[in-house]
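Reminder that position 107 of the sequence shown reads as 107 in UniProt numbering, one-by-one numbering, no gaps.
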Amino acid sequence: MKSCIVYLMVLVKYRTIPREGFPIKNIEAAYIAGFFDGDGSVRLQLQPRENSKLGFRIRTIISFAQKTDHASELSWIRKVLGIGYIYARNDNMTELKIEGFDQVERILKVLEPYVLFKKRQVQLVLRALEVIKHKKGDILTIAKISDEISKINYVTITKKYTAKAVEKFLSEKT
């Protein structure tokens, strides 16, 4: 009887989170979320594009950074998540980046229950992704969400394409 209870506890503890061919153990999701809270970021970027219907390209990015000497942790995260690319920056840092609406959404939904310090950023990006899916032409709302994320995140460069810039662009377009 006791071994049966222990077995059930192990099953519950290591239950996988089904995500469209994206099995990840709870313990792995919790570890990656903790790593994300400390050394990760999630961003929503707008880049002007003349050939875009909205006038801007929207990018969603999850990134994890680590000193190059400790890049093996990033390789493990990439292996568990099954996506992303790793590159060495020229400042002795290595970064794992994951881009794309579907990929970012899928990963954020898996990590969200375990994220503590960056939960607001995660929720904002998920909200922006909903806007992108259901209100395709609402670039101003997306820009406002992007501004809100930038206010929370530690940003080293001044953001060029804010909601004000998008508003100006839209008013000149009409």
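Cβ atoms here follow ideal geometry from the backbone N, Cα and C, with glycine treated the same way.
Using the C-alpha atoms, what's the distance from isoleucine 107 back to glutamate 130? 15 Å
With DSSP run on the structure shown, which of helix, strand or coil describes phenylalanine 36? helix
What's the C-alpha gap between lysine 109 and threonine 162? 26 Å
Measuring straight from C-alpha to C-alpha, what distance separates leucine 116 and tyrosine 31? 12 Å
Per DSSP, glutamine 45 is paired with what? Arg59
Per DSSP, what kind of secondary structure is threonine 16 in: helix, strand or coil? Caution applies to threonine 16, whose pLDDT of 31 falls short of 50 and renders its modelled position unreliable; the value that the coordinates give is listed next. Three-state DSSP puts threonine 16 in a strand.
For the beta strand (DSSP E) containing alanine 163, list its first residue and its last residue. Element bounds for alanine 163: not the beta strand (DSSP E) but the alpha helix (DSSP H), 163-173.
Run of the beta strand (DSSP E) containing isoleucine 98, from where it starts to where it stops: 93-99
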